[in-house]
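Note that the protein sequences, when read in sequence, are chains E and Y. Just so we're aligned: 428 in full-length UniProt numbering is position 428 of the first sequence, and the numbers increase by one with no gaps anywhere. Just so we're aligned: 134 in full-length UniProt numbering is position 134 of the second sequence, and the numbers increase by one with no gaps anywhere.
Protein chains: 2
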Amino acid sequence: MAQLIALFLCRCRPPDVVVFPRCVEEVSALAKVCHKHRLPIIPFGTGTGLEGGVGAMKGGVCFSLRNMEQVLDLHPEDFDVTVEPGVTRKTLNAYLRDTGLWFPIDPGADASLCGMAATSASGTNAVRYGTMRENVINLEVVLADGSVVHTAGKGRRPRKTSAGYNLTNLFVGSEGTLGIITKTTLRLYGIPEAMVSAVCSFPSVQAAVDSTVQTLQAGVPIARIEFLDDVMIDACNRFSSLSYPVTPTLFLEFHGSEQSLEEQVKTAEDITQSNGGSDFQWARDTETRNRLWKARHDAWYAALALRPGCKAYSTDVCVPLSRLPQIIVETKEDLIENRLTGPIAGHVGDGNFHCLMVVDPNDPEEMHRVHLFTERLARRALAMDGTCTGEHGVGLGKRALLCEEMGPVGIQVMQSLKDALDPNNLMNPGKILQREEP
Amino acid sequence: MAQLIALFLCRCRPPDVVVFPRCVEEVSALAKVCHKHRLPIIPFGTGTGLEGGVGAMKGGVCFSLRNMEQVLDLHPEDFDVTVEPGVTRKTLNAYLRDTGLWFPIDPGADASLCGMAATSASGTNAVRYGTMRENVINLEVVLADGSVVHTAGKGRRPRKTSAGYNLTNLFVGSEGTLGIITKTTLRLYGIPEAMVSAVCSFPSVQAAVDSTVQTLQAGVPIARIEFLDDVMIDACNRFSSLSYPVTPTLFLEFHGSEQSLEEQVKTAEDITQSNGGSDFQWARDTETRNRLWKARHDAWYAALALRPGCKAYSTDVCVPLSRLPQIIVETKEDLIENRLTGPIAGHVGDGNFHCLMVVDPNDPEEMHRVHLFTERLARRALAMDGTCTGEHGVGLGKRALLCEEMGPVGIQVMQSLKDALDPNNLMNPGKILQREEP
Ligand SMILES: Cc1cc2nc3c(=O)[nH]c(=O)nc-3n(C[C@H](O)[C@H](O)[C@H](O)COP(=O)(O)OP(=O)(O)OC[C@H]3O[C@@H](n4cnc5c(N)ncnc54)[C@H](O)[C@@H]3O)c2cc1C
Ligand SMILES: Cc1cc2nc3c(=O)[nH]c(=O)nc-3n(C[C@H](O)[C@H](O)[C@H](O)COP(=O)(O)OP(=O)(O)OC[C@H]3O[C@@H](n4cnc5c(N)ncnc54)[C@H](O)[C@@H]3O)c2cc1C
Numbered sequence: 001m002a003q004l005i006a007l008f009l010c011r012c013r014p015p016d017v018v019v020f021p022r023c024v025e026e027v028s029a030l031a032k033v034c035h036k037h038r039l040p041i042i043p044f045g046t047g048t049g050l051e052g053g054v055g056a057m058k059g060g061v062c063f064s065l066r067n068m069e070q071v072l073d074l075h076p077e078d079f080d081v082t083v084e085p086g087v088t089r090k091t092l093n094a095y096l097r098d099t100g101l102w103f104p105i106d107p108g109a110d111a112s113l114c115g116m117a118a119t120s121a122s123g124t125n126a127v128r129y130g131t132m133r134e135n136v137i138n139l140e141v142v143l144a145d146g147s148v149v150h151t152a153g154k155g156r157r158p159r160k161t162s163a164g165y166n167l168t169n170l171f172v173g174s175e176g177t178l179g180i181i182t183k184t185t186l187r188l189y190g191i192p193e194a195m196v197s198a199v200c201s202f203p204s205v206q207a208a209v210d211s212t213v214q215t216l217q218a219g220v221p222i223a224r225i226e227f228l229d230d231v232m233i234d235a236c237n238r239f240s241s242l243s244y245p246v247t248p249t250l251f252l253e254f255h256g257s258e259q260s261l262e263e264q265v266k267t268a269e270d271i272t273q274s275n276g277g278s279d280f281q282w283a284r285d286t287e288t289r290n291r292l293w294k295a296r297h298d299a300w301y302a303a304l305a306l307r308p309g310c311k312a313y314s315t316d317v318c319v320p321l322s323r324l325p326q327i328i329v330e331t332k333e334d335l336i337e338n339r340l341t342g343p344i345a346g347h348v349g350d351g352n353f354h355c356l357m358v359v360d361p362n363d364p365e366e367m368h369r370v371h372l373f374t375e376r377l378a379r380r381a382l383a384m385d386g387t388c389t390g391e392h393g394v395g396l397g398k399r400a401l402l403c404e405e406m407g408p409v410g411i412q413v414m415q416s417l418k419d420a421l422d423p424n425n426l427m428n429p430g431k432i433l434q435r436e437e438p
Numbered sequence: 001m002a003q004l005i006a007l008f009l010c011r012c013r014p015p016d017v018v019v020f021p022r023c024v025e026e027v028s029a030l031a032k033v034c035h036k037h038r039l040p041i042i043p044f045g046t047g048t049g050l051e052g053g054v055g056a057m058k059g060g061v062c063f064s065l066r067n068m069e070q071v072l073d074l075h076p077e078d079f080d081v082t083v084e085p086g087v088t089r090k091t092l093n094a095y096l097r098d099t100g101l102w103f104p105i106d107p108g109a110d111a112s113l114c115g116m117a118a119t120s121a122s123g124t125n126a127v128r129y130g131t132m133r134e135n136v137i138n139l140e141v142v143l144a145d146g147s148v149v150h151t152a153g154k155g156r157r158p159r160k161t162s163a164g165y166n167l168t169n170l171f172v173g174s175e176g177t178l179g180i181i182t183k184t185t186l187r188l189y190g191i192p193e194a195m196v197s198a199v200c201s202f203p204s205v206q207a208a209v210d211s212t213v214q215t216l217q218a219g220v221p222i223a224r225i226e227f228l229d230d231v232m233i234d235a236c237n238r239f240s241s242l243s244y245p246v247t248p249t250l251f252l253e254f255h256g257s258e259q260s261l262e263e264q265v266k267t268a269e270d271i272t273q274s275n276g277g278s279d280f281q282w283a284r285d286t287e288t289r290n291r292l293w294k295a296r297h298d299a300w301y302a303a304l305a306l307r308p309g310c311k312a313y314s315t316d317v318c319v320p321l322s323r324l325p326q327i328i329v330e331t332k333e334d335l336i337e338n339r340l341t342g343p344i345a346g347h348v349g350d351g352n353f354h355c356l357m358v359v360d361p362n363d364p365e366e367m368h369r370v371h372l373f374t375e376r377l378a379r380r381a382l383a384m385d386g387t388c389t390g391e392h393g394v395g396l397g398k399r400a401l402l403c404e405e406m407g408p409v410g411i412q413v414m415q416s417l418k419d420a421l422d423p424n425n426l427m428n429p430g431k432i433l434q435r436e437e438p
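Dropping the structure here:
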C-alpha cells in the first residue's frame, strides 16, 4: 500500500522554498542557481493534478508560475494563441470570448494550460477535439541547467511539421521531470454555431457503452459523451439537486451548425433507443447546459459528499472501446465485493473512466483495500490492451504500474531520455520514474 | 549547393549489403550483429521518401523490410489495426475494404505505413484526419543495440494515454535515426457514407487561399483542399488529358452523410464564389473522383514531363494559414525572376505547399540557382513563423536549415536524444542531424 499512502502524504510534503518568477529570464536564472547547488525543482501550475505531481519528495525549490499570467500572440486567423503558465483554461476562454474562438480541452478543474500540457490532460471534449498531445503546437521550456528551448523553434506555429524529433510531444506529458514549461502555443477552434446537450438513462452499463460505440461507429462527430454509473448519478442528484433516474446514464453534447446538429442528434437518439435508453432530456439553452456540465464537473465533490470527512482518490484506466462494458461490470462487482465507495464517471468515447474512491485516510484497513482494488483495476486494464492512466499521468502512485505497462526496455528508454536531459535528476525527482539519482 | 547535390548523389550511393529480414526476431538479430561490428543500419520501406533518407552515407547495411508484409490484429470495433513494415497504405486499404473502415493518411505515393510513420508523413487528407503523428497508437521498434521496445507497451492500444514520456511520437518522424520500426498500430476511421469532389478556378492565388481560410473558419470539416497554381494545372492538363482553366485552382473533397455533405458543399461554394471562384465542377461518382485525384497524385510526374530528361526536387515549407497568399505570391515571383520551372501544389488547408522543381542535373549553374531558390524559400517560411518541412522530413538536404529553424539549444536537445538512444551513431547516420559520430 506504499503507493497510495505516499500519494496522500506527499500532498502535505512542502518544498524548502517557493519562488514566484515573473518571466522566463527569471525562471532561467533561478534554475541556474538550483543547478549549481543541485537543488530539486518542482514546477507548480494550479495544483489541481491528481497524482501527487507537485509533492517535494526530496525538498527543493517549488517554482510557482502563477505570476506569469499573460496571454500572448493571439492569431485568430491562424487559430492559435500563446499563453504563459499562470493562464488557466477558463481565463483563456474568457479572453477569447469576442473572437469567435475557443480552446476546448476541458479537464473539469480550472487548471493552468501549461500544467495541462505537463500532464497531457484531456477530459470531456477529447472525443471530438483530442487531448493536449494533439493541441499543443509549441512550448518554451527551461531545462534543468537553465537553458531555454523552444520545442518547435522560437515563435514557430505551423499546423504541421516534420522538422526533426518531435520535442513538443516529448515535453507534453513529462510532468515537470524534463523542464519547466514557460509558454505554450495552442491550437484554437471556432466556437460552434450551435451546441445542445442531453441526458439519457439506460437499463445497464452494457446498453450505455454499446450506444457510445455505435454512435462513434456511425461517424457522429459527438463532442462529449460521458458515462455516470448508478452510484455516481445518485451522488450527483444529491449534490447538485437534480433528479435523474438512478441508473447508468450518458451525458451527451453535440456541436455544429443548426442543421448538422439535427442529424447528429437524430442518429444518436435512434441508437440510444435501440439500446433501451430513455428519451433524451434536453438542455438546449446555455443556462441548462451549464447546469448539466457543472453537475458533471462537480462529480468529484459529489463523491466526496457521500462520506464527509473522507478523502477522494481517482483511478484513471483507459481501454479499447470494445472492452469497456466488461471492465466496468467487473469493476463494479469488485467494488461491491470489497465494500468500497467508488462511483464511476468516464469519458467513455475514449475508453477512459474513473472510479472516484472515497476513503477514510485514518482507516488503514480500508486504505489497504482501496490500494489492492486500484492495482487490480489497473491490471485488468493492462490485460485488456489498455493503460493505467488515460489522462492524469503517472506522478508518484503509478510508477510501479508504469513498469508493468511499458516493460523493462520501455522504461530503460524513458530513463535514458531523462538522464540525457536532466543528468543530475533535479527536475521533479521521483515522479514518473522510480530510479534514484545516479 | 552542397546539400542539393548531396541529395541527388545519395540516391545513387549504395549500401554495402542489403538484408531482407522476415520477422522482428531476425531484425533484432541482424541489428545485434551490426552493433557488434559497428556497421551503419539504413532502414528501407518503399523508397518513396523525398529527402534522401535511404542513402547509405557511410555504407553499411540496408534493412529492406518488404518481406514483413502481414496485416495483424485488426480490431474493427476499436478502430485500430497493426501492420508490419512491408504493408503499404494501398494494401492496407484493400485489405480493409469489406470492414467499412479505412486509413485516410495519403501521401500520394503508395508508401509503406512504417515508412510513413518514420517520416511523419501526411498529404491530402491531413486537414481533416491529421498526420501520422495523430494516427499512430503504438510502434514496435528495434533499437540500435538490437533490443526491442514497444513505444506504448506491448500490444497496447488505448485511444489516449498519459503513461510516461510519449515514446510513440518520438519515433514518429525520426527517419530511421533512432531505430527500425517493425510494427505500427494505426487508428482507423469509418468510410464516410458519401464523398464528393469538386474543382474550382480562381482569378488569383489570394482568392484561392482566402477561400481556403474562410472555409476552415466556417467550421466546414473539409477532407481535402488542394491548391494548384497555373503552371501546375497546365502541366496536369497535359499529363492527364484534362482541360481545366489555366489559373490558380482548388481541388476539394467533402466526406460525410448525404445530408451533411449538402450543407458543407453549400457553405464552401458560397465562400469560393464570394472570392470570385468559378462554379464547382463536380466529381460525384467514384470513377470521376478517382480520375481527379489520380491527376493530383500524378502532379510529380506531370511536372517532370514538362522537361523530359530532367530530375525533380520538391520543396516542402509550411506556414500559418494567414501567411500563405504572401509566401506563394513572392515565391512565384522568385521562380520567374530566376527562370526556374517549379509548378506549385499544396495542402493549403495545413499551410503546406510544394514547388516541384524540375531541374537538369547536368547543368551545375541551374542546379545552383535551384539551390539558392530553395534556401530563400525556406528562410521566407522561417521568417513567417513556419517550418522548412511540413511533411517530407529533414533527411540530408535540410540539416542546415533545421539548425536555423530550431536554434542551437533545440539542436542540442535533439542531439542528446540521439546520443542517448544510439550512442555509436549507427542508425541511419548523417540524417536529420549533421554532427559526425562522437
Ligand atoms: C475535480 C477535478 C477534476 C479533474 N478532471 C480531470 C479530467 O477530466 N481530465 C484530466 O486530464 N485531468 C483532470 N483533473 C486533473 C488536473 O486538472 C490536470 O492534471 C491538470 O492538467 C493539472 O494542471 P495544474 O496546472 O493544476 O498542474 P499541477 O497540479 O500544478 O501540476 C501537475 C504536474 O504537472 C507539473 N507542472 C505543472 N505546471 C508545469 C509547468 N508549467 N511546467 C512543467 N511542469 C509543470 C507539476 O510539476 C506536476 O507534476 C481533474 C482535477 C480535479 C481537481
Ligand atoms: C510522387 C510522390 C508524392 C509524394 N507526396 C507526399 C505527400 O503528399 N506527403 C508526404 O508526406 N509525403 C509524400 N511523399 C514522400 C513519401 O511518400 C513519404 O515520405 C513516405 O512516408 C515514405 O515512405 P517509404 O516507406 O517510401 O520510406 P522510404 O523512402 O523507404 O524511407 C524514408 C525514410 O524513412 C526511414 N524508414 C523507412 N521505413 C522505416 C522503418 N520501417 N523503420 C525506420 N525507418 C524507416 C528511411 O530510413 C528513410 O530515412 C511523396 C513521394 C512521391 C514519390
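Glycine included, C-beta positions come from ideal geometry on N, C-alpha and C.
Reduced DSSP category for residue i - H, G, I as helix; E, B as strand; rest coil
| i | result |
| --- | --- |
| E/K183 | strand |
| Y/S44 | Residue 44 of chain Y is actually Phe in this sequence, not Ser. Correct three-state label for Y/F44: strand. |
| E/K32 | helix |
| E/E26 | helix |
| Y/I271 | helix |
| Y/M68 | coil |
| Y/Y313 | strand |
| E/Y95 | helix |
| E/A6 | Only weak support exists for where E/A6 lies, its pLDDT of 48 falling under 50; the coordinates are left without a value. |
| Y/G430 | coil |
Burial state of residue i (16 or more Cβ within 10 Å)
| i | result |
| --- | --- |
| E/G60 | buried |
| Y/C114 | buried |
| E/Q70 | exposed |
| Y/P438 | Any answer about Y/P438 is weak, because its pLDDT of 42 lies below 50 and its placement is not dependable; what the coordinates show is given next. Exposed, since its Cβ has fewer than 16 Cβ neighbours within 10 Å. |
| Y/A6 | Per-residue confidence for Y/A6 stands at a pLDDT of 48, beneath the threshold of 50, marking its modelled position as unreliable; the derived number appears in the next sentence. By the neighbour-count rule (16 or more Cβ atoms within 10 Å), Y/A6 is buried. |
| E/G100 | exposed |
| Y/I336 | exposed |
Nearest-angstrom beta carbon gap, residue j and residue i [assumed within contact, 8 Å]
| i | j | result |
| --- | --- | --- |
| E/V319 | E/L377 | The pair is not a contact, with the Cβ atoms about 11 Å apart (cut-off 8 Å). |
| E/K58 | E/G395 | Contact flag wrong, Cβ pair sits at about 15 Å. |
| Y/H255 | Y/P203 | Actually they are not in contact, since the Cβ atoms of Y/H255 and Y/P203 sit about 28 Å apart, beyond 8 Å. |
| Y/I41 | Y/A31 | 6 Å |
| E/R157 | E/D80 | 5 Å |
Delimiting residues of the alpha helix (DSSP H) encompassing residue i
| i | result |
| --- | --- |
| Y/P248 | Segment: none, Y/P248 is in no alpha helix (DSSP H) and carries neither H nor E. |
| Y/F79 | No alpha helix (DSSP H) contains Y/F79, which DSSP labels as neither H nor E. |
| Y/T144 | The sequence shown places Ala at residue 144 of chain Y, rather than the Thr named in the question. First-last for Y/A144: undefined, no H or E at that position. |
| Y/Q415 | R399 to L421 |
| Y/V127 | A126 to Y129 |
| Y/A56 | First-last for Y/A56: undefined, no H or E at that position. |
Reference residue i, options the options, closest by Cα
| i | options | result |
| --- | --- | --- |
| Y/V409 | E/S147, E/S278 and E/G164 | E/S147 |
| E/H75 | Y/S322, Y/L39 and Y/W282 | Y/S322 |
| E/E258 | E/V196, E/R13 and E/D385 | E/V196 |
| E/S211 | E/T315, E/T184 and E/T267 | E/T267 |
Host beta strand (DSSP E) of residue i (start-end)
| i | result |
| --- | --- |
| Y/F227 | R224 to L228 |
| E/L178 | Careful: E/L178 lies outside any beta strand (DSSP E) and carries neither H nor E. |
| E/Q326 | Taken as a continuous stretch (DSSP letters only), E/Q326 belongs to no beta strand (DSSP E), being part of the alpha helix (DSSP H) at L324 to E337. |
| Y/C114 | First-last for Y/C114: L113 to T119, but that is the alpha helix (DSSP H), not the beta strand (DSSP E). |
| Y/F353 | N352 to V359 |
| Y/R211 | Before going further, note that residue 211 of chain Y is Ser rather than Arg in the sequence given. Note, Y/S211: premise wrong, no beta strand (DSSP E); alpha helix (DSSP H) at V205 to Q217. |
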